[in-house]
Amino acid sequence: MCRLEKEMLVDSHCHLSAEAFPETEIPALLARAKAAGVARVLCLNSANTGEDLAAVLALSSRHKAITPVLGYHPHEASKVDEPALRTLAEALRRGACSALGEIGLDFHHDLSPRPVQREVFAAQLDLAAKLRLPVVVHCRDAFDEVYAMLAAHVRDELGVMHCYTGDKAWAKRFLDLGMSLSLAGVVTFKGGGGLEEVARYVPDGRLLVESDAPYLAPVPCRGKRNEPAFVVHTAARLAELRGVPLEVLAVSTTACAERLFRLAPECIDSRDRTS
Ligand SMILES: [Zn+2]
Ligand SMILES: [Zn+2]
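Going by our numbering, the first residue of the sequence shown is number 1, and it counts up by one from there.
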């Protein structure tokens, strides 16, 4: 098992309110993350409901290592109406969230009609601009449109392309736009999903690492339920590809997360340590 001597990694994307994680298990899960070197996690809601937004805020209020990020996923864009957007805006303010997400377009699964996905994405980009929050973007088979919609909303630090799976040319375009890129366990898979080149290309300070737990467990945990502790394997693979020690990769990805999401430099809760 890869691990860091110090708790220094940020898992920039996971879904701890998902059914896969019974709430009683969260303290042990956070303890395993810390033992592996993960100081904190950004937790996104896993359903487009007011209840799930509240569940994430409740988790973050109980565990200082959990930073909340709320938004409406394109899969369930059909569920999002005006009142739901007001609920989101209210929850983002109440929870002092670090970002709005995950939002975007998914033309691979097409679980909501494309016009509805576009409308919900645009509405949330407007909301993020209004609240001055960075965005966490989900993009599957929709690079042209996601790029165009982000370009219409350019600010200094726009946000992050989460679980980035595009090529180097698209990486350059998104970086030029002000997006950072976050890589998930896919980069550890055989063949790396073609992401090795991207992993080497993204400059320091613009690269993040994520688990996307409970999905996409990295090698050597592939096939298991993913959890934040496993993000160390992805970080180790990124370090290998970039030719730097794991600690160096951890410092630079964490600095990127702290800047982008305005996280306080140290945020390790003593309650979590003893749990
Ligand atoms: Zn996603
Ligand atoms: Zn996700």
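Ideal Cβ positions, reconstructed from N, Cα and C, are used throughout, including at glycine.
Quick check on this structure: which residue in L111, K190 and A129 has the alpha carbon closest to the alpha carbon of T234? K190
My understanding is that M161 touches M179, with C-beta atoms under 8 Å, so please give their C-beta distance in whole angstroms. 5 Å
Could you tell me whether the stretch 5 to 16 touches the stretch 212 to 219, using the rule of 3 or more Cβ pairs below 8 Å? yes
As assigned by DSSP and simplified to three states, the class of C139: strand
For L60, report the span of its beta strand (DSSP E) as first-last. The question names Leu, but residue 60 is Ser in the sequence shown. Segment G50 to R62 is the alpha helix (DSSP H) holding S60; no beta strand (DSSP E) there.
Thinking C-beta only, is L100 closer than 8 Å to L92? yes
Beta-carbon within less than 7 Å of I26's beta-carbon, same chain only, minus the 5 sequence neighbours each way: which residues are those? L16, L59 and H63
Under 6 Å, CB to any heavy atom of ligand 1. Which residues pass, going along the chain? E102, H138, H162 and C163
I'd like to confirm the pairing. Which residues does DSSP put opposite S180 in its beta bridges? V160
Which runs of the alpha helix (DSSP H) spanning at least 4 residues fall entirely within the stretch 8 to 34, listed in chain order? none
Looking at C-alpha atoms only, which residue of L29, R118 and Y164 is the closest neighbour of E145? R118
Counting along the chain, where does the beta strand (DSSP E) carrying T67 start and finish? I66 to V69
Own chain residues within Cβ distance below 7 Å of A151, not counting five before or after: L177
Excluding sequence positions up to five away, which residues of its chain have a Cβ less than 6 Å from the Cβ of A33? P228 and A229
Give the single residue among L125, A47, L44 and K172 whose Cα lies nearest to the Cα of R200. K172
Burial state of A257, where buried means 16 or more other Cβ atoms lie within 10 Å: buried
Could you tell me the boundaries of the alpha helix (DSSP H) in which R86 lies? E82 to R94
Considering only C-alpha positions, which residue in the set A250, A255, R259 and L260 is nearest to E5? A250
Within this structure, are the beta carbons of N48 and V80 separated by less than 8 Å? yes
For the alpha helix (DSSP H) holding A255, just list the boundary residues, first then last. L246 to L260
Measure the C-alpha to C-alpha separation of F107 and Y147 and round it to an integer number of angstroms. 14 Å
beta-carbon D52 near ligand 2 non-hydrogen atom, thresh 7 Å: no
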